[in-house]
Each structure stands twice: as structure tokens, then as C-alpha cells.
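A short worksheet on the structure shown next.
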Amino acid sequence: MIALRRLDLRWCGSLESLPPGVGGLTALPELDISTSSSLNMLPDSIGRMSLPGGVSLLRSLETLNLRGCCSLGSIPEGIDKLAADWNLTSLQLGDCGRLSVPHEVFDGRLDTKWLDFAGGGKRDIDCWVAVYLCAPAVIMEYALTPASDFPTRDPHNIALQGLLAEDSTGWPSVDSLPQLHWVTLDKRQVRFGQKAKDRVERAFIVEKPRRCHLYRLHITTTQGKGDPSFKENSLQNNACSWLAGT
38 MIALRRLDLR
48 WCGSLESLPP
58 GVGGLTALPE
68 LDISTSSSLN
78 MLPDSIGRMS
88 LPGGVSLLRS
98 LETLNLRGCC
108 SLGSIPEGID
118 KLAADWNLTS
128 LQLGDCGRLS
138 VPHEVFDGRL
148 DTKWLDFAGG
158 GKRDIDCWVA
168 VYLCAPAVIM
178 EYALTPASDF
188 PTRDPHNIAL
198 QGLLAEDSTG
208 WPSVDSLPQL
218 HWVTLDKRQV
228 RFGQKAKDRV
238 ERAFIVEKPR
248 RCHLYRLHIT
258 TTQGKGDPSF
268 KENSLQNNAC
278 SWLAGT
């Protein structure tokens, strides 16, 4: 088992937790627990970085898919170190309605990426990343950095939306975000180059800036048939305290 290359636990509706020993699968590059609706916790061994002698746990993990784990309340704080120090480059957390995401997971590193298995292509999709500001602010400019692997996953039609400060009633829950009164501040089509030298950050001026407490980047189409993915979304003067995506 220590050489296991893929662990697929999708649609395990009765699965409530993983055994602590899962952290010992040191060669495992892919762990898929998506749509396990009863899963309410992950063992700390997933995020713990060292064993006696300095041997790291899950040091080969590249993809961790938790999408649709609607009972999951938290993930280990140390999991961000898997991205910082080892190989984790894709962490999917969409539709995890109870999840409070540690801000370290979104660390501003360009060697990690955000990927949503929402489907892609020219048809309409509905995926987004939201950021809650410590205090309401007017964002005048934002930027988007494409991932370096598949141009077909690049966002194409995007909109920067906000929850106006006067409409904010405090800290929102993840599952309430789609129902909020979003105001579109900027809407555009984006196209990144195909060559590596052209796949760099693109900055945009917000067309209709407003004072908002909550912002989200809403993606409705991608460049090709790939699932939407990008490296970074930054807001000018961004002082965020909470992030989510679906």
C-alpha cells in the first residue's frame, strides 16, 4: 500500500472520516474524495510534514479533490505546506458548504493553481472565487495570472462582482454566497497567449468601481474544453481575511 499511486473514494456517501494512517502513503500523487457527502474531518497526518528522521508525509501528493464534501468542516492547517515545500499544485474545495478555508492555502505563490471541475468550453459554466475584505474598499484594478499547463483551461468570459458595503450584513457563510446581491463592476473577455512567454499576469482597470465588502471573480466560459484554472487573482490594495470558491 505504501506505493499506492491513486486513491479514489468518490461517492462514498457513508464515509465520515479517513484513517490516520492515510498520511503514510508517501508515494501517493492523487487523492480524490469528492462527493463524499458525510465526510466531516480529515486526519492531521495529511497536513503534518514530518516523521522521525525527517521523512515527510504525502510528499508526492499533487492533486487533492474535496469537491462536494458538503459535511467537511475543516482541513488541517498544515496542508498549505504541501504546496509550499512539496508537490501539491491542485486543491479543489468547491461546494464544500461548511468549510472554513485557512487563508494560507491561498498563499500568492505562482507555482500553485486553482482548478474547478465545473466543465469548460463555450457553453455557460458557473464557477467563482470570492474574497472578503477586512474593511469595505473601492478596488480600482485587478489582475489574473493564467496557469502554465493547459491554455484550454484559461478563463475567457469573466466578471468582477461585488457586494456593496451598504448591503453587507457581516461575515457570510459559504453556502449563502450564490444568493447574495452581486453587482457587476467589470465584465470582459480575456485571452492569454499560447506560448510560455505570453502566459503572464494581465491587469485590468475596473470599469464601474464601487465600495464593496466582498468581491468575487465569476467565470462563465473558458478558452477551450478544459475545466477552469488559473494561478492568481489579485486585487489592488487587497486586505482579505477569508476566501472561498466553487
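Take any residue in the sequence shown, note its place counting from 1, add 37, and you have its number in our numbering.
Note that the Cβ used here is the ideal one computed from N, Cα and C, for glycine as well.
Beta-bridge partners of residue i, as assigned by DSSP
i             : result
alanine 172   : Answer by DSSP bridge pairing: none, since alanine 172 is not bridged.
histidine 255 : Trp165 and Ala196
alanine 240   : Ala180
aspartate 69  : Asp45 and Asn102
aspartate 223 : Leu197
arginine 248  : Val175
Spatially closest choice to residue i from the options, by CA coordinates
i            : options                           : result
serine 108   : Lys232, Cys49, Pro192 and Ser75   : Ser75
aspartate 45 : Ser54, Asp191, Ile70 and Glu99    : Ile70
glycine 261  : Ala240, Arg248, His250 and Val227 : Val227
leucine 170  : Leu251, Leu55 and Cys49           : Leu251
glycine 50   : Ala233, Val243, Cys106 and Ala172 : Cys106
leucine 68   : Ala174, Leu98 and Pro173          : Leu98
arginine 248 : Leu52, Leu217 and Pro173          : Pro173
Residue i and residue j closer than 8 Å at C-beta
i              : j                 : result
tryptophan 219 : leucine 197       : no
asparagine 194 : threonine 100     : no
proline 246    : leucine 222       : yes
glutamate 178  : phenylalanine 241 : yes
leucine 254    : valine 166        : yes
Cutoff 6 Å; reference residue i; Cβ partners in own chain excluding five residues on either side
i              : result
glutamate 238  : Ala180 and Thr182
valine 92      : Its pLDDT being 28, under 50, valine 92 is placed unreliably by the model, and the measurement read from it follows with that caveat. None.
lysine 224     : Ala196
leucine 88     : With a pLDDT of 28 at leucine 88, under the threshold of 50, the predicted position of this residue should be treated as unreliable, though the coordinate-derived value follows. So no residue of the chain qualifies.
arginine 43    : Glu67
proline 56     : none
leucine 217    : Leu200
asparagine 275 : Note that asparagine 275 scores a pLDDT of 46, beneath 50, so its modelled location is shaky; the value from the coordinates is reported in the next line. Excluding sequence neighbours, asparagine 275 sits near nothing in its chain.
Neighbourhood of residue i by C-beta distance below 7 Å, restricted to the same chain and skipping five residues each side
i             : result
glutamine 231 : Pro188
leucine 52    : Leu46, Ser73, Ser75 and Leu76
8 Å CB neighbourhood of residue i in its chain, flanking five on each side removed
i             : result
aspartate 235 : Phe229
valine 243    : Ile176, Met177, Glu178, Tyr179, Leu197, Leu222 and Asp223
alanine 233   : Ser185
- [ ] Would you check if the stretch 199 to 206 and the stretch 180 to 187 touch, i.e. whether three or more CB-CB distances between them fall below 8 Å?
- [x] no
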